[in-house]
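Residue 97 in numbering that gives the first Met the number 0 is what sits at position 98 of the sequence shown, and the numbering runs on without skipping anything.
Presented below is the structure to which this report refers.
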Amino acid sequence: MDHASNAIGGHFADALREGKDFILHIGAGGSPERFPKCVEFEHRIFRHTDVVGDAHHLPFRDGIFDRVFALNVFEHLREPKIAAAEIFRVLKPGGTVAIHTAFLQALHEEPHHYYNATEFGVRDWFSKFDIDAVNVTGNFGPGVMLAFLMANLSEVARRGGASEIEQLRLKSTTIGEWAEFWAGKGPEPPGFQTLQNLPIEEQKRIAGGFELIARKPS
């Protein structure tokens, strides 16, 4: 299957192109190039997929890989701790894992977006490892995150049936107005009610949290 995917960059691409280490790339997607000594693992077939399977049950023997990459994968796994344990199992002693995962991200790739994790959640997933660092890379920086959230707010307002005037009012509301309102120092921002009155299904895409009401079967 041919599938568009963001090109892997930075030190990840350097390590893959170097071909020195045996690398497992989980969730490689439609990577635009083939790398030596790299096993591309996916849940279905993409352009350069080598193995199709489940990240919770990796079909590899113990201690075979030097490195494992899983970029933008863990938020889409039902059991992240099990997947982390599987990575631990297939790594050689001293082998390393690197992941990118979501924290303040809106709903995406539904219905398979299960978790957004804090630093403490990520550390808990990988508690069996010696953790060297938990960093914020440029693609996850606060500026990028704000742009991503604002783009999603605009999109859910449009999809939720907000009028053109309401959409314009929302877009013209400043960060300062939101901050002053949250701090109790300013009036309700112009776009506030537009967002609060969106259909629930659109609110779910970018809500601050959820209330669950459930019942034990009779």
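Think of the CB as a built atom: it goes at the ideal place given N, C-alpha and C, for glycine as much as any other residue.
Query                                                                                                          : Result
Inter-stretch contact (C-beta, 8 angstroms, three-pair minimum) for the segment 67-79 and the segment 44-51    : no
Val-89 classed as buried or exposed, judged by whether at least 16 other C-beta atoms fall within 10 angstroms : buried
CB-CB length for Ala-40 against Gly-28, believed under 8 angstroms                                             : In the sequence under discussion, the amino acid at residue 40 is Phe, which differs from the Ala named in the question. In fact, because the Cβ distance is near 11 angstroms, the residues do not count as touching under 8 angstroms.
Run of the alpha helix (DSSP H) containing Ala-12, from where it starts to where it stops                      : 9-17
Euclidean distance between Cα positions of Phe-21 and Phe-68                                                   : 11 angstroms
Gly-185 versus Glu-176: straight-line alpha-carbon distance, rounded                                           : 7 angstroms
Host beta strand (DSSP E) of Val-67 (start-end)                                                                : 64-70
Delimiting residues of the alpha helix (DSSP H) encompassing Pro-79                                            : 79-89
Contained alpha helix (DSSP H) runs [length at least 4] in the segment 118-149, N- to C-terminal order         : 118-124
Run of the alpha helix (DSSP H) containing Phe-73, from where it starts to where it stops                      : Neither: Phe-73 is in no alpha helix (DSSP H) and is coded neither H nor E.
Residue from Glu-179, Met-149, Phe-147, Gln-192 whose Cα sits closest to the Cα of Ile-164                     : Gln-192
Residue environment, His-56, which counts as buried when at least 16 other CB atoms sit within 10 Å            : exposed
Heavy atom of the ligand SAM within 8 angstroms of Phe-34 beta-carbon                                          : The ligand SAM is absent from the structure shown, which contains no ligand whatsoever.
Close Cβ partners of His-99 (< 6 angstroms) along its chain, the five nearest in sequence each way excluded    : Leu-70, Asn-71
Collapsed DSSP secondary structure at Thr-193 in the structure displayed                                       : helix
Phe-209 - DSSP class collapsed to helix/strand/coil                                                            : coil
Buried versus exposed, by CB contacts within 10 Å (16 or more), Phe-125                                        : buried
Start-to-end residues for the alpha helix (DSSP H) that takes in Phe-102                                       : Neither: Phe-102 is in no alpha helix (DSSP H) and is coded neither H nor E.
Element boundaries [beta strand (DSSP E), containing Leu-169]                                                  : Here Leu-169 belongs to no beta strand (DSSP E); instead the alpha helix (DSSP H) covers 163-171.
Three-state class that DSSP yields for His-2 in the structure shown                                            : Residue placement at His-2 cannot be trusted, given a pLDDT of 38 that sits under 50; what the coordinates show is reported in the next sentence. Three-state result, His-2: coil.
Coil, strand or helix - Pro-198 by DSSP                                                                        : coil
Residues bridged to Thr-48 [DSSP beta-bridge criterion]                                                        : Answer is none; Thr-48 lacks a bridge partner.
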